[in-house]
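Worksheet: one structure, shown below.
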Amino acid sequence: MTQYKIPVIPGDGIGPEIIAEGRKVLDAAGEVYGFDAEWVEYPHGAEHYLETGELLSEDTLKELSGYDAIYLGSIGDPRIPPGVLEQGILLTARFYFDQYINLRPVKLLKGVNTPLKDKGPDDIDFVVVRENTEDLYIGVGGRASAGRSKGTAEIVRNLYHVKFDLDIETDSSEIAYQIGLISRSGTERVIRYAFELAMGRGKELASVDKANVMADIYGFWREVFTSVADDYPDVKTDFNFVDAICMWFVKNPEWFDVVVTPNMFGDIITDLGAMIQGGLGLAPGGNINPDGVSMFEPIHGSAPKHRGLNKVNPIATIWAGAMLIEELGERDAANAILGAIEENLADGKVLTYDLGGHSSTSDVGDDIARRLRHS
C-alpha cells in the first residue's frame, strides 16, 4: 500500500470542520484505491498567532518542504486585522514554495443550480490558470505624505531578486501606491502550463489582461503569450480584456475551456466562476508548484459566524482533497471522489443549507465517503 504523509493546516473559523470531512473522504478513497494518508497537523492560524505571535516561521516552512502537498482549511479571524493571517500564512507559503500556479476548476456538477438562465453542466466546464506569485500581489506598496520621501522595496523570488529605490515627491497631503511586477520567466512558465493543460483538454486557451489601459505590464503579458503560442500551433487562442471576460462568463460560459490570467484578474474572475458553478461552497483551488510543494484549499473564507455549528458545505474542501491526491498521482481515486460528490448532489437528499437542504457538514462528508466505498 502506498503511504503518503500529508501536512494539514485546518486554520480558522469553519476550517477544522471542513478539513475533517475532507480527511474522512480521502481516508475512504485510500481504502478503496490502496493508499494510506498519514495526517500531520499544524496549528497555524488565528489561535496560534494570538497565543505565540507566530505566523509561518522559517523552521516550519523548512519542515513543510519535506512534503509534496499541503491540505489547508481556511484562514481569517475578526480578532486580527485583515491581511495579517492571509499574508503571513497563505501568501508566505505561496511565495516560499514558489506555488506559481493557482488552478481553479469551474465546473457545474449535475444536481446543482446555476444562476445563469438556460445553462447546464455541458455549458460550464472550464479551468482557470491564474499566475500566483507576481502582478500587484507582490506585496510592495506604501503611503507618502506631502513633501519628499525615500525608501527601498525588494522582491525576492526563486527566479529573481528585484530592488526598487523609491524617491517620492508629492504636493498632495497623502498618497498611497502599490507596485505591480511581472517577469518574462514568471509569465512564460504559467502560460506554458496553461498551454499544456489545454493540449489535454479541448485545445482552446483564452488569455486575460487589460492591455488597453495598462499597456506596459499587460502588453508584456500579451507579448509573452504570443511567443509561447508559437510552440503550440494546435491550440486555438484568443485575448480577452478582464471586464469583457466577466461578461462572457455570464453570457456564454460554454465558449471557454482553459483560461490563463495574471494574478489580480484571476483572483476576481475565479470568484465569478464559483458563483456560476453554484456557489463558494462548491469551489476548490490548488496552489501548485509542479516540481515542488503544492497546497490545496477551498476558495471560500473562514466564515467565523458559522464556526462550530456543523452546518457549512464541505464539498469545496473535499474536492480540493481530490485535486491534492491527483497531484500525488492518484488520478483514479480523484475521479472517483468527484463522481461521489456529483452523485450526492444529483441525489439531493443530503445537502447543506446553501443548496436548499437541511443536512450537517458531517452528514455530507459521511454520504460522500459511503458512496465512494460502494462505487
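Those letters in the sequence shown? Residues 19 to 393, per our numbering, in order.
Positions of the beta carbon are idealized from the N, C-alpha and C atoms, including for glycine.
Residue i versus residue j - alpha carbon distance
i, j, result
"Arg122", "Val145", "6 Å"
"Glu59", "Ile107", "15 Å"
"Val277", "Phe283", "11 Å"
"Glu172", "Phe274", "37 Å"
"Trp239", "Leu184", "25 Å"
"Ile359", "Gly383", "9 Å"
"Glu214", "Ser190", "48 Å"
"Pro139", "Arg391", "25 Å"
"Val26", "Trp57", "7 Å"
"Tyr346", "Asn230", "With the sequence shown as reference, residue 346 is identified as Leu, and Tyr is not the correct amino acid for it. When rounded, the distance between both Cα atoms is 40 Å."
"Asp385", "Asp365", "11 Å"
"Phe259", "Lys42", "41 Å"
"Glu344", "Arg166", "53 Å"
"Asp54", "Ala334", "22 Å"
"Tyr195", "Lys269", "35 Å"
"Ala292", "Pro133", "11 Å"
"Gly357", "Asn131", "17 Å"
"Ala351", "Ala387", "12 Å"
"Phe114", "Lys135", "Going by the sequence as given, residue 114 is Tyr instead of Phe. Approximately 42 Å between the Cα atoms of the pair."
Residue i vs residue j beta-carbon contact at 8 Å
i, j, result
"Met341", "Gln117", "no"
"Glu149", "Thr205", "yes"
"Pro280", "Tyr250", "no"
"His376", "Ile32", "no"
"Leu290", "Leu127", "no"
"Gly94", "Gly319", "yes"
"Arg112", "Asn305", "yes"
"Ile336", "Glu49", "no"
"Ile193", "Ala216", "no"
"Val330", "Glu65", "no"
"Ala301", "Ile317", "yes"
"Val208", "Val147", "yes"
"Arg389", "Glu361", "yes"
"Ser393", "Asn328", "no"
Which listed residue (the options) has its alpha carbon closest to that of residue i
i, options, result
"Arg210", "Thr244, Tyr178, Ser190", "Thr244"
"Phe182", "Val158, Leu390, Thr78, Pro322", "Val158"
"Ile88", "Gly310, Ala321, Gly366", "Gly310"
"Leu82", "His66, Pro96, Ile98, His62", "His62"
"Gly29", "Arg349, Ala387, Pro322, Asp77", "Pro322"
Residues bridged to residue i [DSSP beta-bridge criterion]
i, result
"Leu199", "Asp153"
"Gln295", "DSSP lists no partner for Gln295."
"Thr170", "Asp183"
"Met313", "Ile88, Asn305"
"Asn258", "Val226"
"Val124", "Phe144"
"Pro25", "Val58"
"Gly159", "Gln196"
Exercise. Should the stretch 194 to 205 be called in touch with the stretch 139 to 159, which here means at least 3 C-beta pairs below 8 Å?
Worked result: A contact between stretches requires three or more CB pairs, one per stretch, nearer than 8 Å, and the stretch 194 to 205 meets this requirement with the stretch 139 to 159.
Exercise. How do the stretch 221 to 228 and the stretch 248 to 263 stand: do at least 3 beta-carbon pairs fall below 8 Å, yes or no?
Worked result: yes
Exercise. Between the stretch 292 to 300 and the stretch 370 to 384, do at least 3 Cβ pairs fall closer than 8 Å?
Worked result: Output reads yes: the stretch 370 to 384 touches the stretch 292 to 300.
For this session: Tell me, please, whether the stretch 96 to 112 touches the stretch 70 to 87 by the rule of three or more beta-carbon pairs shorter than 8 Å.
Result: yes
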